[in-house]
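Structure record follows, encoded as structure tokens.
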Amino acid sequence: MSSESREYLRKAQARLEAARILLSSGRYEDAVSRAYYCMLCCAKAALAAKDSHPRTHEGTLRMFGELLVKGEGWPRMLGVSFSRLKALREKAEYSPSIETTREDAEWALQVAEDFLKEAMSRLG
Numbered sequence: 001m002s003s004e005s006r007e008y009l010r011k012a013q014a015r016l017e018a019a020r021i022l023l024s025s026g027r028y029e030d031a032v033s034r035a036y037y038c039m040l041c042c043a044k045a046a047l048a049a050k051d052s053h054p055r056t057h058e059g060t061l062r063m064f065g066e067l068l069v070k071g072e073g074w075p076r077m078l079g080v081s082f083s084r085l086k087a088l089r090e091k092a093e094y095s096p097s098i099e100t101t102r103e104d105a106e107w108a109l110q111v112a113e114d115f116l117k118e119a120m121s122r123l124g
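Going by my numbering, 120 is the number at position 120 of the sequence shown; the sequence numbering is gapless.
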């Protein structure tokens, strides 16, 4: 594993731990945000291993789907969850009227954990 991929995975683990703490303290919007950034770091770690360095969140999502889901056989559901969590995070961050629920935050944490496990297994 490259040092860049290793560092992204370290960041992913830290963001997942922050998401757990935020969830347990009832800060659901922030938990969703940290869970999303865990997934983003995992995707960046995997893409860095393929010498791909997208500059945007949307580019990272697109390249993850093209290079890793379609090209390398990563589970399609990870790409679907990544896309769904990206949308949920954007609503939580930028919409004044959207309320993020505990269930949203629990789901976000679970899919982030699954993504991190897959990334660690494949990049390990």
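Cβ atoms here follow ideal geometry from the backbone N, Cα and C, with glycine treated the same way.
Note that the coordinates shown come from a computational prediction; the quantities given were computed from them, not determined experimentally.
Range covered by the alpha helix (DSSP H) that runs through residue i
i	result
THR60	57–63
TRP74	Where TRP74 is concerned, there is no enclosing alpha helix (DSSP H), given that its DSSP letter is neither H nor E.
ASP51	Taken as a continuous stretch (DSSP letters only), ASP51 belongs to no alpha helix (DSSP H), as it is neither H nor E.
ILE21	3–24
LEU109	102–123
Pick from the options that is closest to residue i, judged by C-alpha positions
i	options	result
VAL80	GLU66, GLU93 and ALA48	GLU66
GLU17	SER52, ARG6, LYS86 and GLN110	GLN110
Euclidean distance between Cα positions of residue i and residue j
i	j	result
ALA45	PHE82	14 Å
GLU103	LYS50	34 Å
TYR138	SER33	Lying outside 1 to 124, the shown extent of the chain, residue 138 is not represented and no answer is given.
CB contact flag (residue i, residue j, <8 Å)
i	j	result
LEU61	GLU118	no
TYR36	LYS86	yes
TYR8	THR100	no
ALA31	LEU40	no
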